[in-house]
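Peer 1: Quick mapping for you: the protein sequence lines, in order, are chains A and B.
Residue 627 in my numbering sits at position 542 of the first sequence; the count goes up by one each step and never skips.
Residue 325 in my numbering sits at position 28 of the second sequence; the count goes up by one each step and never skips.
Quick one: structure below, then a few questions.
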Amino acid sequence: MSMTSLYLIVPMAPLVGALLAGLLGKTLGKTISHTVTIIGVLVSFIASLAIAQDVFAGHLFNGNLYTWMTAGDLSFHVGFLIDPLTVTMMLVVTFVSLMVHIYTVGYMHDDPGYQRFFSYISLFTFAMLMLVMSNNFLQLFFGWEAVGLVSYLLIGFWFQRSTAVFANLKAFLVNRVGDFGFLLGIGLILANFHSLDYATVFSMVPQVMHNEITLISGHSWSLMTVICILLFIGAMGKSAQMPLHVWLPDSMEGPTPISALIHAATMVTAGIFMVSRMSPLFEVSDTARSVILVIGASTALFMAFLGVIQYDIKRVVAYSTLSQLGYMTVALGASAYPVAIFHLGTHAFFKALLFLAAGSVIHAMHHEQDMRHMGGLRKYLPITYITALIGSLALCGIPPFAGFFSKDLIIDAVSGSHLYGAGYAQFAVTAGVFVTAFYTFRMFFMTFHGKERMDHHTKEHLHESPLVITLPLILLAIPSLLAGYLLIGPMIMGDYFGTSIVIDPQHSVLHHIREEFTNPTGFMVNGLMALPLWLAVSGIVLAAVLYLFMPRIPEKIKAQSGVIYTILSNNYYFDWFNDRVLSRGTVSLGKKLWRYGDVTLIDGTMVMGTARTISRFANRLRHLQSGYIYHYAFIMIFGVFVLMSLWFIRG
Amino acid sequence: MNFVFSSIAPALPEIVLLISLSLLLLLDLWINDENRFYTYVLAQLALIATGFSVLTGENGQIVTAFNGLFISDAMARTLNIFSVITMGFVFAYSRLYSQDRGLFKGEFFVLMLFALLGIMVMISANHFLVLYLGLEMLALAQCALIALQRDSKKATEAAMKYFVLSALASGLLLYGLSMLYGATGSLLIPEVANAIAANTIDPAILVFGLVFVVAGLGFKLGAVPFHMWIPDVYEGSPTSVTLFVASVPKIAAFAFIMRLLVGALGALVNDWQPMLVIMAVLSIGLGNIVAIAQTNIKRMLAFSTISHMGYLILGILSANNAGYAASMFYVASYVIISVAAFGIVLLLSRHGFEGDRLDDFKGLNNRSPWIAFMMLLVMVSMAGIPPSVGFFAKLSVLSAVLDAGYTWLVVYAVIFSLIGAFYYLRIIKLMYMDDPVGEEKLVTEPDHLILIGLNGLVIFILGIVPQSLIDLCFNSIAHSFR
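Have a look at this one:
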């Protein structure tokens, strides 16, 4: 089998599964539906492994498979770019997707939309693979929109719940804002590079990088900066960076497997992937990277604070996802793209693990999500307890868990950056470590330790989840434990990404890290003496003190903190601002335009007005047709007379 | 004069038509009222014979007969075949209606065929008097047809009006032609053209003649201000006759303009172009506006015809072959659409009920979705909404005018076609959105339905692939006029 057809199999296998389960789901029944979709993703995962082996043997691929359409001298293709970056994403996506597929069999087993759910997640896998494998902006945009669509469908999966419908609408609308910027960026690229092909665009960067663009007359900006910021706005929507992050916490209305697959491990990292993929563009604009750095750092710190006050177990994990996405964005801003992808990978494992563990808890608790009604679950859910502990330690960045390596690298990378805002970013990511550790273990202790606060009925039915749920937990716990230790060497220190990521040597922050690096164990030993680890440990200790030993104190602090608590519990008033100012402002502006512009001016005066005038005129004119033959003859003769006179006057 | 058979060969279609209609006139004497259907069949056979002889005469050459009085060129042949086919549709659509109203007589067919003969003579005339002969043959037959329903006051009144006004118009035309004869010394079209081109004649006399000729033409077309007969005749005639008046004679009028203005008076283009501009502007404006105020569909279509003739003039006034071809395409598509429109009005009528009020179209979709859809196609096409043949017709005349440099005229024409869209779309609204008034079933015959379907299909297909008809018109003009 040629490699090209193998490439094609990777996205097509899940698509076939999705179509079968989606269109014939009712006929095929539950078992066959989940079997075909799982097989589809499994095939895709195995093919990705084979491709990965091939790529690391040095066989890259960049080619078009199908010409979709040609307009003038511009053609739009469906094509693949297979290189180390793509392959990394393919492995992450297919592996997590496979785990989620298996997990779903247990989690959703008596949901009436069982087949529909499998169809959606397979469709999502297809779309996400098209996104990461693309070799041009158009296909990237196709995948980008397709994952957005499936995300919309899945957040609103339980469409009978009004909160779910509200949440998916919100996700869709907020993403529209991001996509608008993204599309403008693609448009600018098309206008200035006359191509949508990655390779062509990247090779033309040196010719275009000094061009300027005038958006408001009299002010011109660097073209590359404008393009990069517009593309990053797209990434902000998809990867939920402030202020476009508001949809992600609400997306937890979807079923938990979705939160793990789409809203933690894969789709939300599309923005991170996209910026890494566009590294040749972003490397040219310092301004754009400064913006990225500041936005990422703000998201990392401020979203972590919000995790502290949540009681819904899924929301804690959701805010933690936001914060971690901020870390990745910071790495992008610091030109440490490989580190961002590294953290993306480790985060995909431990965050999917945490979500699925949370799902397992929720499943056991009969869809109770409030942590105030949990506690002491350690006894009842031993496997979930251990895997969740691994996930939490990885998230906090405790060595030797995966998160330690990637997070430490990000903090190191930022300290090496000289961009405007780097100092702020360094502070934010370092402080974020403490907060992260605190809220993670707050959640962990409230759920698994302490007093059992659930009601009697729930308690009687508590039992460990079935194998289809625990197996993915175990399989995800392994990379959460080991991925960092094993991959840091090859991925960061070696020339893993080859030509797929371009970093200007002048701002290579990885330089000094690489010089000091000897082996992963050495890296860990260095880490033991650094500030972040001690911040993490103190965060855990504080959480233990407050939630294990003195559970009365948090309530008192909450009562004392007044303004701060109000601001946090209102999500920094982002939703308030969006709702009151943006939505209502737009709606009232629209209503005014409709009432005065449309109804009065256009409909009333112009449309109806002209219609009235014409029909009045018509009613006058029809009287010319009097029916008297001598009138008719007179008009004819008068006509001849006028024509004649005109000609003789004209000479 | 030596008569050689070959010299009359170009007139074979006309001769065939004349012989067959004379035969029909005789045979009809032996056919009683119960068997009148045979007359209908014979009339259709006459048309088939005529059409066949037009097709066999096709040789791509310009040939003359009767010492140059009569011409057969590509335009003549195309228009002839077109007229014959349209006539066949007219007969078929009007059969049931005429039977119901006692009009289904030999005279109906004979008069129609005589009118067709007049039309064909006009199309092929190469001499002022032959042109006039054809014109009068058409006018007289048409006048008799309008008055065919003798006991109807409306019809008689319409016939009277038509007769008087047409006599007046003929007088104006003859006066103009006599001026031209006086100035040029010839009645043969090519000789007149040569004489004018020689540039030795006092232009005042020529323009004097031209004004009267244009007035005569305007009457035939029904262009403002010579349009007054149109609404009354359309409304007053039996619908089967209106169907005829609204279709085939328009082809003759187009040929008439081409022979006279382009063939004979081409050198005076700078004088007739502004006259046509005035007539076009007035026709498009008045036709579209007054149509809005009508409540009778025949009358509404009459005003719509006036506006369509304005658009037709647009192509001619651009004074080049592309413009003439655009006008020919316009007249062809107009005839196709107009025949279908009146065919549908005929379908709606039944014994003792005309079905010609706009209100009769209310809720047509509930009574007969198929007919309603056909009417939708017709109205969309008349309004010139893409993709319909009417759109391409308007597009081609407008682009011709644009090339001729009359941008303001294009803007004006587009604005008025927008205003015109109102009353066409109103019919669609009545059919699809209002509740039906009566519950009576439509009385019809299968052949009528099939032909309406065919007619609609032609409109539909030409709306998607109009190029074949456009090419046909363009080639006909290109082979007939240099």
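Every residue gets a Cβ at the ideal spot worked out from N, C-alpha and C, and that includes glycine.
Because the structure is a prediction, the values reported are computed rather than measured.
Quick check: is the beta carbon of Val762 of chain B nearer than 8 Å to any beta carbon in chain A?
Peer 2: no
Peer 1: Got a sec? Which residues, its chain only, sit under 8 Å from Met298 of chain B by beta carbon, not counting five neighbours each side?
Peer 2: Here Met298 of chain B scores only 45 on pLDDT, less than 50, and its place in the model is too uncertain to base an answer on.
Peer 1: Taking only the alpha-carbon atoms, compute the straight-line gap between Phe317 of chain A and Met576 of chain A and give it to the nearest angstrom.
Peer 2: The alpha-carbon atoms of Phe317 of chain A and Met576 of chain A are separated by roughly 25 Å.
Peer 1: Determine, using beta carbons only, whether Asp656 of chain B comes closer than 8 Å to chain A.
Peer 2: Taking Cβ atoms only, chain A never reaches closer than 8 Å to Asp656 of chain B, which makes this a no.
Peer 1: Counting only the same chain and skipping the five closest in sequence on each side, list residues whose C-beta sits under 8 Å from that of His776 of chain B.
Peer 2: The beta carbon of His776 of chain B sits closer than 8 Å to the beta carbons of Gly357, Ile359, Asp370, Ala371, Met372 from its chain, once the five residues preceding and following it are set aside; these are given in chain order.
Peer 1: According to DSSP, is Glu601 of chain A part of a helix, a strand, or is it coil?
Peer 2: helix
Peer 1: Note down, in chain order, each residue of its chain lying with its Cβ closer than 6 Å to the Cβ of Gln200 of chain A, except the 5 sequence neighbours on either side.
Peer 2: Ala106, Gly110, Ser118
Peer 1: Check the Cβ of Asp568 of chain B against every Cβ in chain A and list those closer than 8 Å, keeping chain order.
Peer 2: Trp732
Peer 1: Measuring alpha carbon to alpha carbon, tell me which of B:Lys691, B:Phe670, B:Leu692 ends up nearest Asn752 of chain B.
Peer 2: Minimum Cα distance to Asn752 of chain B is reached at B:Phe670.
Peer 1: Do Ala564 of chain B and Ala490 of chain B come within 8 Å of each other at the CB atom, strictly closer than that value?
Peer 2: yes
Peer 1: Based on the DSSP output, what are the partners of Glu297 of chain A in its beta bridges?
Peer 2: A:Ser307
Peer 1: Using C-beta distances below 8 Å, list every residue in its chain close to Ala568 of chain A, excluding the 5 sequence neighbours before and after it, in chain order.
Peer 2: Gly430, Thr431, Phe434, Ala487
Peer 1: Would you verify that the beta carbon of Asp529 of chain B is, or is not, closer than 8 Å to some beta carbon of chain A?
Peer 2: So, interface residue.
Peer 1: To the nearest angstrom, how far is the alpha carbon of Ile767 of chain B from that of Leu759 of chain B?
Peer 2: 10 Å
Peer 1: In the DSSP output, what is Ile167 of chain A paired with across the bridge?
Peer 2: A:Phe146
Peer 1: Relative to the alpha-carbon of Gln446 of chain B, which residue among B:Pro528, B:Ser395, B:Phe349, B:Phe505 has its alpha-carbon at the smallest distance?
Peer 2: Looking at the Cα atoms, B:Ser395 is the closest of the given residues.
Peer 1: Shorter than 8 Å from the beta carbon of Pro666 of chain B to some beta carbon of chain A?
Peer 2: no
Peer 1: From the beta carbon of Ile687 of chain A, is the nearest beta carbon of chain B less than 8 Å away?
Peer 2: no
Peer 1: Indicate whether Ile737 of chain A and Ser336 of chain A have their beta-carbon atoms separated by less than 8 Å.
Peer 2: Outside the shown range of chain A, which is 86 to 736, sits residue 737 of chain A, and nothing can be said about it.
Peer 1: Take every Cβ of the region 537 to 553 of chain A, pair it with every Cβ of the region 407 to 415 of chain A, and state whether three or more of those distances are shorter than 8 Å.
Peer 2: no
Peer 1: Kindly indicate which residue of A:Val376, A:Thr285, A:Gly102 has the alpha-carbon position closest to the one of Ala416 of chain A.
Peer 2: A:Val376
Peer 1: Closer than 8 Å by beta-carbon distance: list the chain A residues that pair up with Ile589 of chain B, in chain order.
Peer 2: Ile699, Ser700, Ala703
Peer 1: In chain order, which continuous runs of the alpha helix (DSSP H) of length 4 or greater are located wholly inside the region 86 to 165 of chain A?
Peer 2: 88 to 108, 110 to 141
Peer 1: When the Cα atoms are used, what is the spatial distance from Ile575 of chain B to Gly560 of chain B?
Peer 2: When rounded, the separation of the alpha-carbon atoms in Ile575 of chain B and Gly560 of chain B is 21 Å.
Peer 1: Note down, in chain order, all residues in the region 433 to 457 of chain A with a beta-carbon under 9 Å from any beta-carbon belonging to chain B.
Peer 2: none
Peer 1: Can you tell me where the alpha helix (DSSP H) with Phe733 of chain A in it begins and where it stops?
Peer 2: 714 to 735
Peer 1: Pick helix, strand or coil for Met298 of chain B, following the three-state DSSP scheme.
Peer 2: Low confidence applies here, because Met298 of chain B scores a pLDDT of 45, under 50, leaving its location unreliable and the question unanswered by this model.
Peer 1: Secondary structure at Phe242 of chain A, three-state DSSP: helix, strand or coil?
Peer 2: Reduced to three states, the DSSP call for Phe242 of chain A is coil.
Peer 1: Would you identify the three-state DSSP class for Arg647 of chain B, choosing helix, strand or coil?
Peer 2: strand
Peer 1: Buried or exposed: Lys738 of chain B, going by 16 or more other Cβ atoms within 10 Å of its Cβ?
Peer 2: exposed
Peer 1: Leaving out five residues before and five after Gln439 of chain B in sequence, what residues of the same chain have Cβ atoms less than 6 Å from its Cβ?
Peer 2: Ala412
Peer 1: Within 8 Å (strictly less), CB to CB, does Met721 of chain A reach chain B?
Peer 2: yes
Peer 1: So, Leu503 of chain B versus Leu557 of chain B, is the Cβ gap smaller than 8 Å?
Peer 2: When the beta-carbon positions are compared, Leu503 of chain B and Leu557 of chain B stay at least 8 Å from each other.
Peer 1: Whose C-alpha, out of A:Ala135, A:Lys323, A:Gly381, is nearest the C-alpha of Gly143 of chain A?
Peer 2: For the residues A:Ala135, A:Lys323, A:Gly381, the minimum Cα distance to Gly143 of chain A belongs to A:Ala135.
Peer 1: Let's see if you can read the secondary structure: which residues bound the alpha helix (DSSP H) around Phe533 of chain A?
Peer 2: First-last of the alpha helix (DSSP H) with Phe533 of chain A: 507 to 533.
Peer 1: Could you check the C-alpha separation between Gly468 of chain B and Phe425 of chain B for me, to the nearest Å?
Peer 2: 14 Å
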